[in-house]
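Participant:
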């Protein structure tokens with residue numbers, strides 16, 4: 127197997143790689159959006175509560191993310207997010 131000697135380190139992309147770039151968020155928006163860990167935890171509990179059936183991971187993820195954002199919208203509207 128030959129190695130490409132003309133490639134630069136850090137510029138490797140697989141042929142089918144797709145990179146998703148998220149739009150720039152302000153600091154308050156970044157603090158407001160749920161982290162991947164929060165979404166994963168909520169999606170996992172939905173998966174378990176619905177019988178642990180495979181094949182619905184995207185639906186669980188999107189539902190969990192939507193629910194977390196809705197919950198944060200409620201607290202933002204009522205001003206609870208700034209309580210210290």
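Numbering (this note's numbering), first residue to last: 127 to 210. Virtual Cβ for every residue (Gly too), placed ideally from N, Cα, C.
What's the gap between the Cα of residue 176 and the Cα of residue 161?
Facilitator: Approximately 23 Å, taken between the alpha carbons.
Participant: Between residue 200 and residue 194, what straight-line distance do the alpha-carbon atoms span, to the nearest angstrom?
Facilitator: Each residue's alpha carbon lies about 10 Å from the other.
Participant: Identify which residue in 159, 190, 158 has its Cα closest to the Cα of residue 173.
Facilitator: The shortest C-alpha separation from residue 173 is found at 190.
Participant: Mind checking residue 165: buried by the 16 CB within 10 Å criterion, or exposed?
Facilitator: Looking at its Cβ environment, which holds 16 or more other Cβ atoms inside 10 Å, residue 165 is buried.
Participant: In whole angstroms, what is the alpha-carbon distance linking residue 183 and residue 158?
Facilitator: If you take the alpha carbons of residue 183 and residue 158, they lie about 23 Å apart.
Participant: In chain order, what residues of the same chain lie with their CB nearer than 6 Å to the CB of residue 196, ignoring the 5 residues before and after it?
Facilitator: Contacts found: none.
Participant: Once DSSP output is grouped into helix, strand and coil, what is the label at residue 186?
Facilitator: Helix.
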